[in-house]
Amino acid sequence: MSPASGAVRPRAHVHRGTVVAAAWWFHPGTLGEVEARRRVLAAWRPGATVWALAGGHLLKLAAPCKSTVEAAPGLPLVLEAGVLTSAPLSAKERERLAPPAGAVVLVQAGVARMYVPGELRQVDPGAWLDVSAWRRVRVKGLGAPPPPMQSALEPLPPPTREWFGPKVPALAPEAERMLARMAGKEVPVAREGFFARLRRAFSQKPGEATLTVRREGLFARLRRAFGAEAEGASNTVTVGRAGLLDRLRSALSPGASGPGASSPGLWQRLFGSGSASAGSASASGAGARPGWLSRLLAGMRGRDRATASRQGSLPAPGASARPAEPEGPGALERLKAWMLQNTPLGQLVGQRKGDYLRRLFELFEEGNLDEALRHAIPLGKDLDERARLALGVPGPREELRIQPRGRSGAAQAFGGGPALFEALRERYRETFRRLEREGRIDEAAFVLAELLDATEEAVSFLERHGRLQLAAELAEGRDLPASLVVRQWFLAKDVARAVSIARRSGVFADAVLRLEKTHPAEAQALRLLWAESLAEAGDWARAVDAVWPVSFARHLARAWVDRGIQAGGMSGAKLLARLSLGFPDGFGAAREDIQNLLSDDAPARAPERLAFATELLREAASPARSSLLVPTLRALMRDEAADVLPSNARLLQQLRALKDPAMDALRTDLPTPLPSLRRPWAEANDLPVVRVWMDRNDAGAHAVHDAVVLPGQRVLLALGEAGARLVGPDGRTLANFDVPAFSLVVSTQGDRALALARRGDLWRLSRLDLVERGATRACDMELDAWAPTYDGERWFTAVRDTVSMVDTLAAEPRSLWRVSQVGGTVLKLAVDAQHLSFLVLHLSPGQDFERLERWSYVLAGGPTLRGRTNMPDLAGTPDALALTPDGEAVAGRIAVPEGAGAGPWSYLAPIAARRFHIPSPQGEERVGAVLGQAWSVTRFQKGELHTAVLRDLAGHTRATVEFSGTPPQVVRLTEEWCAVHDLFGRVVWLDLTSGEVHRVPVV
């Protein structure tokens, strides 16, 4: 308060008549404390604030209002030159007081007392209300709960043998067990009963082959042993088990194994050659193999000792150090591998697998294709080592030689490893060709898809033979490229499924190209559906581009062009050029809009003029284009002279070089355009920091719950139950939408939006058409998290542990794609045209914090999961989250336990290859963060001062926005703009291209 000395005694002590009051002052000494508080609460409106002043209560109104002094609820104060006064002051009286902006002058007892802003203390009127006896009631809608979200695309299961018709035989039990072993699964061994064997023996049909695994007889082994050629004996590894005498002789005879040498003796087989003399060790070389007992003990002791036993000694000093090996299998896995390698169990397993394969080859050679297909083993394109070991004979053998009995009786040998797989693949190929010659199409396709893993070839084969439905099911079930799946379903006449998959994966263009090569009529039909889908999503420019090659459908494009021009923005400017040159009556229809665009010298429309000129260059030469070149060139030169960004120099050079009669007269007089030396504001980090300050006097008439910036510098505001409002660049209201709006989800084209309002456990969705300026109620649905933008048709939402791609164009909500049971509650989502990311909170069974996990997807042809990563260094559930579509994430805790400092926030880099943000330093006053690919905003709070700090990728502070008051700031950030607003109705946004600040009035 101003000092008593030199007190000013104004001639008038109060206002008289009718005034425009900006505040009321209530004096408890006159009214009593209870009555004063009652009057404050009665006059309070959203956006108003209460302050302690001169022993009374000062109520600053959200917006000034007219009132008569005699009927006023309190002493009226009028805002004059930024100062609140309770009485009219003359010029001399005001000069003597010299009040600063934001001060309050109160006349009491005939003396004018001045209170500067720092002397006022804000009061929370909510503390005056006694709500201790109130009981919170959970609100539920009176109507029936909304139905669960239906899926537009039920996923197809992986293809099975039944898909290929009844002629493809079922998989034999032996083959099922073999496939299980290839996958590394445990196969229970059940002995076949006596009566089961009798039934199988006597119920066998004539000509039916039975695959059995039998031990080779004594005489057969003798014939094979003594009838083998000498040169083949050293290179052939037989599958049959050695006889008793052979095993005893090999176990007890000393020496090394190999041609011309005897096998190791019993001692060597037990303990290896490590106990041999130095001379024998040197003679046999450093690669002497340890015995099986030594290897067993080494394996049970662990990997390090086993490695040492294999190497025999440490490397010599000075030798290059071997890099550390990754952790290997556990003790049981090592024991199982050791038993297969070094005990008779391996020989038994090898014999059974060898007999199985031998009999399989015999079935193919005999032409018994039905039984061969029953027992055939699928071959993948890239078999892993586990599958190769399970299919080949386990053991230290380098080669497996199988001799199946063919029709000619000639023995054929197949080496183990790749040669064995190539032999099986060749048998399968021969079978496929034979089945095709015999007209057994489904069985031939089965061989391609199931045995050879040539799925795309199988799809093409089925399509060639008219099996279109099976081809489409196979393409989708085997996860082939989405564009191929769309093509196959379209050819199979299931248009709805084809369009749904194309919309989900965004592959209309690729699918049309695939169809144009073979089915041009179907390609045109799919192109029309593509264009209609884009038009329904509000992407008018791309819809026109999609339908333009179909000449007989350009009448559809005309309506879309008109809608796009009405939407405005850069896409509207492109469509304006298309209208003037692409339609017979288009030039006359577009003349006025073109004149308005080119004659407008506002810098805000310079990008539209640049887009118009760019589209003009793409069009073919015509008299209409020639008439537009000169005025367009003049408008671009005017923008270039005004140093408006972006620079038009390159486009001016292209226009100057056009071989057009309209340009010949100007070309000699035109100066050579030079690139602008002005840098975009986003790149000029040496410029002064942009500072914005808004105090309580800047409050609007309505609380603003959300705000987004649209093309043409328009702003869409969510005003809660008061609806939504579209505000023009000059601050005038362009449209009001009478639907509740607390949160906004705007389309990437900026021509439509979704308005959200909570209704108990549900959210009410309303559609806003920003072109026609109408609103319709959509539906009520459950929502826990959602993406703040959508592409006009696909919107990503989350309910508990399920993330869905919602079709917003459907009458009732339905999902085009979903991933469920992500392990926790989804807290935040972010999406753009290429990526989707979301954060999942995992809690323990006791509901304690466990971890925060980031999921990242690529949308092209998918969505396809690209990574799951836990946020590091989090000790509790975070209060603040920030996330970009490509997965750059920040999480931190604002409310920390008493006595614990504010530690650094957790950070994860994006999955995309780009520059990422430098994590901001920790601060006690940091309360939130927002991330973009090129910008970041950190929010701070100190008392009643709220500050939003905008930084670039290098961490340079580029702008600060400060609000005074109790409501926290809400920040929305894109690559083009940054908007800050609060519940006091204060809205400001920053153009990140030019650095201009725009304040949005809320009246």
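All letters in the sequence shown, in the order written, are residues 1 to 1003 by full-length UniProt numbering.
Every residue gets a Cβ at the ideal spot worked out from N, C-alpha and C, and that includes glycine.
- By a beta-carbon distance limit of 8 Å, residue 931 does not contact residue 959. Their separation comes to about 16 Å.
- Within the same chain, Cβ atoms closer than 8 Å to the Cβ of residue 603 are found at 639, 642, 644 and 994, the five residues on either side in sequence being excluded.
- The alpha-carbon of residue 66 is positioned some 15 Å away from that of residue 85.
- Short of 6 Å from the beta carbon of residue 121, and not among the five residues preceding or following it, lie these beta carbons of its own chain, in chain order: 52.
- Residue 511 is positioned such that its CB atom lies closer than 8 Å to that of residue 486.
- Nearest in C-alpha terms to residue 840, of all of 852, 723, 623 and 597, is 852.
- In the structure shown, residue 736 falls within a strand segment according to DSSP collapsed to helix, strand and coil.
- According to the DSSP assignment, residue 108 belongs to the beta strand (DSSP E) that extends over 104-108.
- With contacts defined by Cβ atoms closer than 8 Å, residue 720 and residue 707 do not form a contacting pair.
- Here the alpha carbon of residue 914 sits roughly 11 Å from the alpha carbon of residue 953.
- CA-CA distance, residue 686 to residue 459, rounds to 60 Å.
- DSSP, reduced to helix, strand and coil, places residue 742 outside both helices and strands of the structure shown, so it counts as coil.
- If you draw a straight line from the Cα of residue 582 to the Cα of residue 762, it comes to about 48 Å.
- Here DSSP, grouped into helix, strand and coil, assigns residue 131 to coil.
- A direct Cα-to-Cα measurement between residue 882 and residue 480 gives close to 35 Å.
- Non-local beta-carbon contacts of residue 140 in its own chain, meaning distances under 8 Å to residues more than five positions away in sequence, involve 760 and 761 in chain order.
- The closest CA to that of residue 366, considering only 427, 81 and 125, is found on 427.
- Using a 10 angstroms sphere on the CB of residue 654, the tally of other CB atoms stays under 16, which defines it as exposed.
- Within its own chain, the residues whose Cβ lies closer than 6 Å to the Cβ of residue 492, once the five positions on either side in sequence are excluded, are 468, 469 and 472, listed in chain order.
- Inter-residue distance for residue 649 and residue 855 is about 43 Å (C-alpha atoms, whole angstroms).
- Annotated as distal: residue 517 and residue 541, with beta-carbon spacing of 8 Å or more.
- The Cβ-Cβ distance between residue 717 and residue 1002 falls below 8 Å.
- In the structure shown, residue 648 adopts coil according to DSSP, grouped into three states.
- In this structure, the alpha-carbon of residue 523 lies about 40 Å from that of residue 630.
- Burial is judged here by how many other beta carbons sit within 10 angstroms of a residue's own beta carbon; residue 807 has at least 16 and is buried.
- For residue 474 and residue 521, the gap between their C-alpha atoms comes out near 24 Å.
- Rounded to the nearest whole angstrom, the C-alpha separation of residue 688 and residue 562 is 43 Å.
- With fewer than 16 other beta carbons inside 10 angstroms of its own, residue 588 counts as exposed.
- As the crow flies, the alpha-carbon of residue 342 is around 51 Å from that of residue 906.
- The stretch 590-609 and the stretch 617-624 do not touch, with fewer than 3 CB-CB distances between them shorter than 8 Å.
- By the C-beta criterion, the stretch 22-42 is judged to be in contact with the stretch 70-78, since at least 3 inter-stretch pairs fall below 8 Å.
- In this structure, DSSP gives residue 25 an extended state, which the three-state scheme calls strand.
- Per DSSP, reduced to three states, the secondary structure at residue 517 is helical.
- Per DSSP, the continuous beta strand (DSSP E) segment holding residue 828 begins and ends at 825-831.
- Under DSSP, residue 115 takes part in a beta bridge, and its partners are 104.
- For the set 820, 145, 767 and 783, the Cα lying nearest the Cα of residue 810 is the one of 767.
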